[in-house]
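Colleague: Residues in the sequence shown are numbered consecutively from 2, following the working numbering.
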Amino acid sequence: MDTGETQEIEELIRRAVVPYSERPGAEAVARLIDDLITHGQALHDRVAAVRTVRGTERVGVALVEWAYFVDAGPAGRGDHANWNHARTLARILRTLHSTHAEQPGRPQ
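Next up, the structure:
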């Protein structure tokens, strides 16, 4: 993963994990979810391919949760459910991102 991808993932996480009072509008949340899934799935696949013994439980849970929440979608309807879904995806993505950064010999 190059520096640009890393920065983009970090920015997506920052945009999603803000106080509720700073929640963007419904269209922006929908775009954020799409971007989180797009970048997150690529990272998910990289982490799954090079998963090491170190952090196996944490990584394993994040990989399973990612697949579940991407497939399940928001729990409910409306702006609030979508916002919570984006925040959940961002938190899982943060775990995958930090795990990927810690892996020795990770593919770029």
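Each residue gets a CB set at the ideal place from its N, CA and C atoms; glycine is no exception.
Being a predicted model, the structure only gives us computed values, none of them experimental.
Reducing DSSP to helix, strand and coil, say where Arg1 ends up.
Modeller: It is not possible to answer for residue 1, since the shown part of the chain is limited to 2 through 109.
Colleague: Identify whether Gly26 lies in helix, strand or coil by the three-state DSSP scheme.
Modeller: It is coil, neither helix nor strand.
Colleague: Under the three-state reduction of DSSP, which class applies to Val19: helix, strand or coil?
Modeller: Correct three-state label for Val19: coil.
Colleague: Comparing C-alpha positions only, which one of Asp80, Glu58, Phe70 and Thr57 sits nearest to Pro25?
Modeller: Looking at the Cα atoms, Asp80 is the closest of the given residues.
Colleague: Helix, strand or coil: how does DSSP classify Asp72 here?
Modeller: Reduced to three states, the DSSP call for Asp72 is helix.
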